[in-house]
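Student: One structure follows; several queries about it will come next.
Protein chains: 2
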Amino acid sequence: MTTTRRDTYTPETLLSVAVRVFNERGYDGTSMEHLSKAAGISKSSIYHHVAGKEELLRRAVSRALDGLFVVLDEPAATRGRAIERVEYVTRRTVEVLMDELPYVTLLLRVRGNTKTERWALERRREFDQRIADLMKAAAADGDLRSDVDIRLATRLLFGMVNSLVEWYRPQPADGADRQQLADTVVRLAFDGLRTGH
Amino acid sequence: MTTTRRDTYTPETLLSVAVRVFNERGYDGTSMEHLSKAAGISKSSIYHHVAGKEELLRRAVSRALDGLFVVLDEPAATRGRAIERVEYVTRRTVEVLMDELPYVTLLLRVRGNTKTERWALERRREFDQRIADLMKAAAADGDLRSDVDIRLATRLLFGMVNSLVEWYRPQPADGADRQQLADTVVRLAFDGLRTGH
């Protein structure tokens, strides 16, 4: 007799359980035992799907990174005036954060203790660099104010965007919410909250 | 013979060691054993100074909270037009974050498992509420744009400010840096990054 459930997992559904546990306990603090308990299947059943917890981490952060990098290659991110492209990428990044919330949360908490974590940090830096380049192009066009340091402003902008993983919780019917949140980020960052400019 | 150092700690210096360890390992993951090792003194020496790790947590988050609440009572935060007071409080909050970086970092990571943590969360909500009230007053004056939700904008603004604990690292001579960072936050949030309004 065993109390574990029949293994009806696919790699995808197992991944969503793993990401939840990683976010709750931290990646370092999660053992295969924890994953086995949370999934309700034996460790050997998990090993049937993946080589180990590092593979689950790699799949999870890949999903977040793929979502983010896709944005950079969308038409509105590659054509037109840099400032418009920056605003588009900002808005779309907010949307990806909302759509892939647990995966991006995990990505943003990665620390660099394993090869996979270091790879994820490297990819994040690459993404940040692409954004920083866009911001520089917008500044060169004269579309960003010259009395702020662009690198610092980029950090603050994405500090604001990334803060979503700390407090955003999707609502059952969040269509309007989602749009409003993306709009508010872009308005706040690029147009400012004050009236009467 | 013992290898532990002579106890030359004051409650204050012991606190700075404890906060570093709490931030590295998480409060839940820190034992008195960890604190004893990091401080290089025996557990009984620590108990000479404090009743236990929860007292260290309370002192640490109190230091962060006191720094933040003081700002709200400063003259520029209590007199004049609400929009000016909001900008002042934003700027000063950034400064407190930089000055008390490890303490505010700990405060922002508190989760609510103990009485002290729940008390800290309650105080944080109180602070957030005071800011939200100021923002509402500025909106009522017509000084904040009417096409953004003020509550959401407040969250995003403080998401940006609080993101500092993730990436800001003080430089040896950081006077200019410090000023520039506070200025950039206020300009970005209230005036926006775009030129030509």
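Chains A and B supply the protein sequences, listed in that same order. Be aware that the first sequence starts at 1, since it is given in full-length UniProt numbering, and climbs by one per residue. Be aware that the second sequence starts at 1, since it is given in full-length UniProt numbering, and climbs by one per residue. We put the beta carbon where it would ideally sit given N, CA and C, even for glycine.
1) What does residue 195 of chain A touch in chain B if you count any residue whose Cβ is under 8 Å from its own?
2) At which residue ranges does the stretch 150 to 192 of chain A contain complete alpha helix (DSSP H) runs of 4 or more residues, listed in the order of the chain?
3) Please report the distance separating the alpha-carbon of residue 113 of chain B from that of residue 27 of chain B.
4) If contact is defined by three or more beta carbon pairs under 8 Å, each pair taking one atom from either stretch, is the stretch 46 to 65 of chain A in contact with the stretch 155 to 165 of chain B?
5) Does residue 145 of chain A come out as helix, strand or coil in the three-state DSSP assignment?
6) Spell out whether any CB of chain A is found under 9 Å from the CB atom of residue 117 of chain B.
7) What are the uninterrupted segments assigned as alpha helix (DSSP H) that are 4 or more residues long and contained completely in the stretch 61 to 93 of chain A, given in chain order?
8) Does residue 185 of chain A get closer than 9 Å to chain B when you measure Cβ to Cβ?
9) On the CB-based measure, 16 or more other CB atoms within 10 Å of its CB, does residue 13 of chain B come out buried or exposed?
10) Given this structure, state the Cα-to-Cα distance separating residue 56 of chain B from residue 193 of chain A, to the nearest angstrom.
11) Do residue 86 of chain B and the ligand PLP come close, with the Cβ less than 8 Å from some heavy atom?
12) With 16 other CB atoms within 10 Å as the buried threshold, where does residue 80 of chain A fall?
13) I'd like to know if residue 155 of chain B contacts chain A, where contact means its C-beta is closer than 9 Å to some C-beta of that chain.
14) Less than 7 Å between C-beta atoms, sequence neighbours within five positions excluded: which residues of the same chain meet that for residue 88 of chain B?
15) Using a Cβ-Cβ cut-off of 6 Å (strictly less than) and excluding sequence neighbours within five positions of residue 97 of chain B, which residues of its own chain qualify?
16) Over the uninterrupted alpha helix (DSSP H) stretch that includes residue 46 of chain B, give me the two end residues.
17) What runs of the alpha helix (DSSP H), each 4 residues or longer, lie entirely inside the stretch 115 to 146 of chain A?
18) Report the residue from B:190, B:171 and B:68 whose alpha carbon sits nearest the alpha carbon of residue 107 of chain B.
19) Drop a sphere of 10 angstroms on the beta-carbon of residue 100 of chain B, count the other beta-carbons inside from all chains shown, and report buried for 16 or more, exposed for fewer.
20) Checking the sheet assignment: what are the DSSP bridge partners for residue 194 of chain A?
21) Select from A:109, A:153, A:42 and A:41 the residue whose C-alpha is nearest the C-alpha of residue 133 of chain A.
22) Determine the closest residue to residue 146 of chain A out of B:184, B:61, B:44 and B:83, with distance taken between C-alpha atoms.
23) Mind pulling the chain B residues with CB within less than 7 Å of residue 64 of chain A?
24) Can you tell me whether residue 143 of chain B is buried or exposed, with buried defined as 16 or more other CB within 10 angstroms of its CB?
25) Is the distance from the Cβ of residue 18 of chain B to the Cβ of residue 30 of chain B below 9 Å?
26) Please report the straight-line C-alpha distance between residue 25 of chain A and residue 35 of chain A, rounded to a whole angstrom.
27) Residue 93 of chain B and residue 54 of chain B look like a contact to me (Cβ under 8 Å); what is the Cβ gap, rounded to whole Å?
28) Just to confirm my understanding: we take residue 138 of chain B, look at its own chain, exclude 5 residues before and 5 after, and list those with CB closer than 7 Å. What are they?
29) In whole angstroms, what is the alpha-carbon distance linking residue 33 of chain A and residue 131 of chain B?
30) Have a look at residue 170 of chain A and residue 44 of chain B and give me their C-alpha separation to the nearest angstrom.
31) Only counting the same chain, and skipping five residues up and downstream in sequence, which positions put a Cβ closer than 6 Å to that of residue 65 of chain B?
32) Could you check what DSSP says for residue 113 of chain B in three-state terms: helix, strand or coil?
33) Which residues in chain A have a C-beta closer than 8 Å to the C-beta of residue 152 of chain B? List them in chain order.
34) Got a sec: is the Cβ-Cβ distance from residue 166 of chain A to anything in chain B below 9 Å?
Tutor: Let's see:
1) For the purposes of this step, residue 195 of chain A is taken as residue 195 along the first sequence, with counting starting at 1. In chain order: 142, 143, 144, 145 and 146.
2) 150 to 162, 164 to 167 and 175 to 186
3) Taking the first residue of the second sequence as 1, we reach residue 113 of chain B at position 113. Taking the first residue of the second sequence as 1, we reach residue 27 of chain B at position 27. Taking the straight line joining both Cα atoms gives about 10 Å.
4) no
5) Start at 1 with the first residue of the first sequence, and residue 145 of chain A comes out as number 145. Coil, per DSSP.
6) Indexing the second sequence from 1 puts residue 117 of chain B at position 117. By this cut-off, residue 117 of chain B is not an interface position.
7) 75 to 78
8) Translated into positions along the first sequence, residue 185 of chain A becomes position 185. Yes, residue 185 of chain A counts as interfacial toward chain B.
9) Working through the second sequence from its first residue, we reach residue 13 of chain B at position 13. Counting Cβ neighbours within 10 Å, residue 13 of chain B comes out exposed, since fewer than 16 surround it.
10) Counted from its first residue, the second sequence places residue 56 of chain B at position 56. Counted from its first residue, the first sequence places residue 193 of chain A at position 193. Their backbone Cα atoms lie some 39 Å apart in a straight line.
11) Ligands displayed in this structure: none; no statement on the ligand PLP is therefore possible.
12) Start at 1 with the first residue of the first sequence, and residue 80 of chain A comes out as number 80. Residue 80 of chain A should be labelled exposed.
13) Your numbering for residue 155 of chain B matches position 155 in the second sequence. Output row for residue 155 of chain B: interface = yes.
14) What you label residue 88 of chain B is simply residue 88 of the second sequence in a count that begins at 1. Correct list, in chain order: 76 and 77.
15) Here residue 97 of chain B refers to the residue found at position 97 when the second sequence is read from its first residue. Cβ neighbours of residue 97 of chain B beyond the five flanking positions: 104 and 164.
16) Translated into the one-based positions of the second sequence, residue 46 of chain B becomes position 46. Here the alpha helix (DSSP H) through residue 46 of chain B covers 43 to 49.
17) 115 to 140
18) Here residue 107 of chain B refers to the residue found at position 107 when the second sequence is read from its first residue. Among B:190, B:171 and B:68, the Cα nearest to that of residue 107 of chain B is on B:68.
19) The residue labelled residue 100 of chain B in the question sits at position 100 within the second sequence. Label assigned to residue 100 of chain B: buried.
20) For the purposes of this step, residue 194 of chain A is taken as the residue at position 194 of the first sequence. Note: residue 194 of chain A sits in a beta bridge opposite B:144.
21) On the first sequence, residue 133 of chain A is found 133 positions in, with the first residue counted as 1. Nearest C-alpha to residue 133 of chain A: A:153.
22) Here residue 146 of chain A refers to the residue found at position 146 of the first sequence. Among B:184, B:61, B:44 and B:83, the Cα nearest to that of residue 146 of chain A belongs to B:184.
23) Counting from one through the first sequence, the residue named residue 64 of chain A turns up at place 64. Residues of chain B passing the Cβ test: none, with the nearest at roughly 17 Å.
24) Taking the second sequence and counting its residues from 1, one reaches residue 143 of chain B at position 143. Buried.
25) The residue you call residue 18 of chain B lines up with position 18 of the second sequence. The residue you call residue 30 of chain B lines up with position 30 of the second sequence. Yes, Cβ-Cβ distance for residue 18 of chain B and residue 30 of chain B is below 9 Å.
26) Taking the first residue of the first sequence as 1, we reach residue 25 of chain A at position 25. Taking the first residue of the first sequence as 1, we reach residue 35 of chain A at position 35. Cα to Cα, the separation comes out at about 11 Å.
27) Counting from one through the second sequence, the residue named residue 93 of chain B turns up at place 93. Counting from one through the second sequence, the residue named residue 54 of chain B turns up at place 54. Not a contact, Cβ separation roughly 26 Å.
28) By 1-based counting over the second sequence, the position of residue 138 of chain B is 138. 82, 83, 86 and 144, listed in sequence order.
29) In the first sequence, the residue the question calls residue 33 of chain A occupies position 33. In the second sequence, the residue the question calls residue 131 of chain B occupies position 131. Rounded to the nearest angstrom, the two C-alpha atoms are 44 Å apart.
30) Residue mapping note: residue 170 of chain A aligns to position 170 of the first sequence, counting from 1. Residue mapping note: residue 44 of chain B aligns to position 44 of the second sequence, counting from 1. Computed Cα separation, rounded: 48 Å.
31) By one-based count along the second sequence, residue 65 of chain B stands at place 65. Cβ neighbours of residue 65 of chain B beyond the five flanking positions: 123.
32) Looking up residue 113 of chain B in the second sequence gives position 113. Coil, per DSSP.
33) Along the second sequence, one-based indexing puts residue 152 of chain B at 152. Here the neighbours are 180, 181 and 184.
34) In the first sequence, counting from the first residue as 1, residue 166 of chain A sits at position 166. Chain B, which has a Cβ nearer than 9 Å to the Cβ of residue 166 of chain A, makes this yes.
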